[in-house]
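I have placed the structure first, in the form of structure tokens, so that the comments after it can refer back to it.
In UniProt numbering, the protein residues as written are 1 to 914.
Okay, here's the thing in structure tokens:
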């Protein structure tokens, strides 16, 4: 091995002392002088022998020295370079002359490879010398170029593609390098030389001049046996070096005129021996060349386009998509990344144009972004079109997903890219495809969200495509994802209310609502679809989609008279009313109807909703409760709605509802109420009284209408007929006393459910008295009005639990303001109707508690005046004369105090005479 190391010309540093180097340098100079000035004429062979004698000396002297020392210490370096270059070219030409490519390549390799003996390694010594000289700078390289070294080596490289397979060494000499290692060593040094040479411009121009540059283009895209692949890789390295350092005007002109890129595309396209993976590797090398060339000229990118390079890339993507090799997915990703980079190649900067011109809708603050610069901005629309066309032709979700990720990265890299590419209508076209590709649906709509939220732009064309997608509704999952995004848009900015109307999305959503309504009406169709294994979740998906549609419609209708009108025109209002009866979508349908009721033409919608509640069977309590709650929310919000409520007969409908609940609170319940949950009954009753109170709040006309047309006496009768009150209208004499427990003493403060010892009938009565008290003081959803400051009162918030939550005794305090005196009169009318055969003492307890509440309400002068005007003093004498006349009557004290306070305020002779 020591012999091999010596032949390789790489002695260790310690073996070459400065003295040895000086002697070697003197010997080198003397030998070269003898070569240049021989004492006698020397034949060519003698000159070559002399030169071969110099090569080991030169390698020993300069093998480990810095390249700059060659020129400093060896003044004849350029002449020496010329001689060595001529010798290299001559030797190679001798071995290649008049031989087949395989024979020539074998002969050249055998000459250049390292061997055991120095005599047999002359070619290797010549090669290592050339390698050293290639490192010494521009002038030396120019000398080598003049002697045609670059073109000769490139020809060799091309020939090496035909080298035969290197057999495994068997039983070689102990110190002999295996043939495979020698071949690898040769390939390494050979490519080093070419890379060093091509780092300058002159070798590239020499290759063009000698018409050998096209060999490199052919080499990197040609098939070769697997054992010669390192040579093809070497050709790629050389070509990439030329692209970085050698692209002069002449070189670009040569590549263009010789149609080198056409050769590459044809080789990759037409070779049946190349696998898709190999082709991707080839294009990766060619892509580097295109990138570097685009810095100085558009010519080669144009050539790639002219010679159908982009069509080839699209076909290659589709071939990789169908490839079965394990590495094909990684190769496909790599190719997409290369094409993504290719979109940024180009000399000229592209700018977004005409975005705001004719754009019907723009978000506040939108400004067309300007390109960020080379490397980020799109400059090659043809390359982008490859990704777009491949997506449209993709048959698998994997390819589509990889391409969408790539396009997302392009949009994110520079805000201007979306606008530069807008004429391509990318996302609009993709929308037609995504229903068949579940894997990319989320990604597609994330891209739309990026355009709106990050670029602050309204993509009208894309939204039109989404409306077409929803109209076909071929994929429920896709439609659900689309609606989620559209819902986000409607909440992002109010301008989308107009956008969705103009692009047809409002109409499409109404159509989706009609489809869902038809499905609810015909469950057999739903079962039929469920029978298909592919549609196991079809019904649930359709429900989910419909709820999203209604939620979005609710936002679109909010505050938009135009949208409400179009919604009605397309039959959306009728459809929404029709599906209220179905529990699974009722809440969302009611939210939509609420917006219709709030719109200027909402009179019919409120009337229709009340009519639906009226026409429902008496025991459909949940439906009626839900409808009333929806109306309650509207009544609290809008003065106009409260007026409409009166005009469409809302008070009549509500009172009729109470009448229809006759005997629902009997013990036991009767008239078909036997199987109805009592909690639901009280939930509805609570909502009824809440609705009545809200409809009269801040509305004197409504209060007057209820007082005169509906009348509180009729309200009291309707409550009495619920079944927990008796038919007595006057308080009679009694010989019983209140109980010791007095469970109703803190009626307005304690939780009703804690009165376990009290009969259900009396508990029902107590709840109804509480409701009427809250009507009288308008305190259902807020504190009662107070004439002076007092601790806060917290009325019921959780109706479902049927508990009256009160945290301070001030609810029963004497400063609560009476808003609706008729309700207080109704309480007095019902006072006489409280009774219990099994618990008479508890019935009296309840009467006492209610009487005390009524008495406390007339504590203030203001309330006294209001109640006198309402005729409470006369009603007291009418209903409670027996108790007032009998000082021993249990109800006498509170009723007397009440009457005294009213008498001090206003008492007329007619009342006394009565």
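Glycine included, C-beta positions come from ideal geometry on N, C-alpha and C. Here the structure is a predicted model, which is why all the values come from computation and not from measurement.
For residue j and residue i, believed in contact at Cβ under 8 Å, the rounded distance
i	j	result
residue 311	residue 263	16 Å between Cβ atoms; not a contact.
residue 128	residue 81	Their Cβ separation, rounded to whole angstroms, is 14 Å, which puts residue 128 and residue 81 out of contact at 8 Å.
residue 520	residue 457	Between residue 457 and residue 520 the Cβ distance is about 38 Å, and since that is not below 8 Å, they are no contact.
residue 350	residue 383	About 12 Å; that fails the 8 Å criterion.
residue 282	residue 220	6 Å
C-beta contact flag for residue i and residue j at 8 Å
i	j	result
residue 450	residue 430	no
residue 258	residue 214	yes
residue 580	residue 612	yes
residue 830	residue 738	no
residue 346	residue 294	yes
residue 656	residue 614	yes
residue 595	residue 546	no
residue 469	residue 459	no
residue 851	residue 902	no
residue 57	residue 28	yes
residue 548	residue 636	no
residue 61	residue 35	no
residue 327	residue 392	no
residue 135	residue 71	no
residue 344	residue 380	yes
residue 499	residue 366	no
residue 297	residue 251	no
residue 435	residue 474	yes
Simplified DSSP assignment, three categories, for residue i
i	result
residue 65	coil
residue 890	coil
residue 776	helix
residue 906	coil
residue 816	strand
residue 673	coil
residue 268	helix
residue 166	coil
residue 307	coil
residue 295	coil
residue 614	helix
residue 223	coil
residue 897	helix
residue 92	helix
residue 652	helix
Spatially closest choice to residue i from the options, by CA coordinates
i	options	result
residue 425	456, 442 and 462	462
residue 372	388, 328 and 418	418
residue 161	32, 224 and 494	224
residue 152	163, 177, 86 and 167	86
residue 919	659, 647 and 681	Since the first and last residues shown for the chain are 1 and 914, residue 919 lies out of range.
residue 600	643, 584 and 590	643
residue 781	693, 735, 767 and 722	693
residue 888	734, 850 and 759	734
residue 876	899, 857 and 864	899
residue 870	556, 823 and 844	823
residue 126	504, 190 and 388	190
residue 906	861, 271, 574 and 815	861
residue 815	854, 840 and 837	854
residue 52	561, 584, 178 and 31	31
residue 165	756, 231, 111 and 438	231
residue 55	44, 479, 88 and 43	88
residue 235	265, 252 and 193	193
residue 233	284, 273, 124 and 380	284
residue 576	570, 592 and 503	592
residue 578	589, 569, 570 and 568	589
residue 200	238, 747 and 226	238
residue 584	541, 482, 330 and 608	541
residue 167	159, 756, 179 and 396	179
residue 477	650, 544 and 471	544
- Spell out a yes or no on whether the stretch 200 to 212 and the stretch 245 to 254 are touching, meaning 3 or more CB-CB pairs, one atom from each, closer than 8 Å. yes
- Query: Does the stretch 96 to 104 touch the stretch 117 to 125, meaning 3 or more C-beta pairs lie closer than 8 Å?
  - Reply: Fewer than three beta-carbon pairs drawn from the stretch 117 to 125 and the stretch 96 to 104 are found closer than 8 Å, and the two stretches are therefore not classed as touching.
- Task: Count the C-beta pairs between the stretch 831 to 841 and the stretch 721 to 730 that are closer than 8 Å, then say yes if the count reaches three, no if not.
- Result: yes
- Should the stretch 485 to 494 be regarded as contacting the stretch 392 to 404, the criterion being three or more beta carbon pairs within less than 8 Å? Look at the beta carbons and you see the stretch 485 to 494 not touching the stretch 392 to 404: under three pairs across the two are nearer than 8 Å.
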